[in-house]
Amino acid sequence: MATAMKRLGVYLGLVDDEDMMDAGMADGTTGQPLSHSAVGHRGGATGSPVEAVPQHSYSAGASSYQAQPSGPVRVAAEQNVVDLAAPEARHSAGVGVDPNTTIHTIHPRSYNDARRIGEEFRAGAPVIMNLTEMDDNDAKRIVDFAAGLVFAIHGSMERITKKVFLLSPANVDVRDAPAVRQARDGFFNQS
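Here the sequence shown stands for residues 226 to 416, where the numbers follow our numbering.
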């Protein structure tokens with residue numbers, strides 16, 4: 226019964242053929258070592274390598290199992306591989322503010338202006354959001370939007386005053402930038 230379940234697992238792709246092969250050799254049945262066919266390159270627009278699936282045959286007692294290839298198996302092309310290193314490793318360098326980088330100050334009047342905040346921040350520019358001209362409900366919605374935006378791009382968000390926030394991308398450090406110093410010194414708080 227256990228070997229039947231293992232075979233079913235191999236058939237469904239839940240268990241590797243090598244595991245089944247090792248289990249078959251442990252049972253005393255003879256099996257041949259797994260061999261892989263040569264990897265070829267498929268012609269066409271993608272040019273991605275294709276690996277042919279080898280045929281394997283297992284037999285245990287009265288029953289037998291034979292896996293047949295269903296077709297070519299695609300292998301990811303190396304140029305399309307994205308390195309998903311830990312965000313701490315990618316952003317640990319802490320690049321300072323570039324003198325050519327401008328800090329965008331945006332004064333949204335409604336929630337519809339959130340798109341402009343997102344576009345500037347996504348382009349890699351630090352953004353100061355001045356929400357003093359907005360009612361509290363829309364200001365909360367924009368702050369929630371900005372928090373999600375900052376979280377998705379691994380940036381940071383700082384409260385400058387009650388309704389003024391600084392959004393900075395992960396690769397930019399704007400702690401001593403002139404626009405930030407003005408905001409902290411009360412430039413936006415002129416009431």
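For every residue, glycine included, the Cβ atom is placed at its ideal position computed from N, Cα and C.
Item to check | Beta-bridge pairing of L237 - partner residues as DSSP gives them | outcome: Locating residue 237 in the sequence shown gives position 12, counting from the first residue. Partner(s): none; L237 has no beta bridge.
Checklist entry - Are there 16 or more other CB atoms within 10 angstroms of the CB of F346, so buried, or fewer, so exposed? => result Here the question's residue 346 lines up with position 121 in the sequence shown. By the neighbour-count criterion, in which 16 or more other beta carbons inside 10 Å mark a residue as buried, F346 falls on the buried side.
Item to check | C-beta neighbour in chain B for T386, strict 8 Å | outcome: This model lacks chain B altogether, as it is built from one protein chain only.
Next on the checklist: Can you tell me whether M359 is buried or exposed? The criterion is at least 16 other CB atoms within 10 Å of its CB, across all chains shown.
Outcome noted: By one-based count along the sequence shown, residue 359 stands at place 134. Burial of M359 is indicated by the presence of at least 16 other C-beta atoms within 10 angstroms of its C-beta.
Item to check | Opening and closing residue of the beta strand (DSSP E) in which I353 lies | outcome: Translated into the one-based positions of the sequence shown, residue 353 becomes position 128. From DSSP, the beta strand (DSSP E) with I353 extends over V352 to N355.
Next on the checklist: With H, G and I counted as helix, E and B as strand and the rest as coil, what does DSSP make of E383?
Outcome noted: Translated into the one-based positions of the sequence shown, residue 383 becomes position 158. Strand.
Checklist entry - Measuring CA to CA, which of I378, D242 and S393 is closest to R384? => result Here residue 384 is taken as the residue at index 159 of the sequence shown, counted from 1. Here the closest residue by C-alpha is S393.
Item to check | Simplified DSSP assignment, three categories, for D360 | outcome: In the sequence shown, residue 360 corresponds to position 135, counting from 1. If DSSP states are grouped into helix, strand and coil, D360 belongs with coil.
Checklist entry - With burial defined as no fewer than 16 other Cβ atoms inside 10 Å of the residue's Cβ, what is the status of K365: buried or exposed? => result As a first step, residue 365 must be located in the sequence shown, where it is residue number 140. The residue in question, K365, is exposed, as its Cβ has fewer than 16 Cβ neighbours within 10 Å.
Checklist entry - In terms of residues, what are the limits of the beta strand (DSSP E) holding I378? => result The count along the sequence shown starts at 1 and reaches residue 378 at position 153. Note, I378: premise wrong, no beta strand (DSSP E); not H, not E.
Item to check | alpha helix (DSSP H) segment containing I328, residue limits | outcome: On the sequence shown, residue 328 is found 103 positions in, with the first residue counted as 1. From DSSP, I328 is part of no alpha helix (DSSP H); its letter is neither H nor E.
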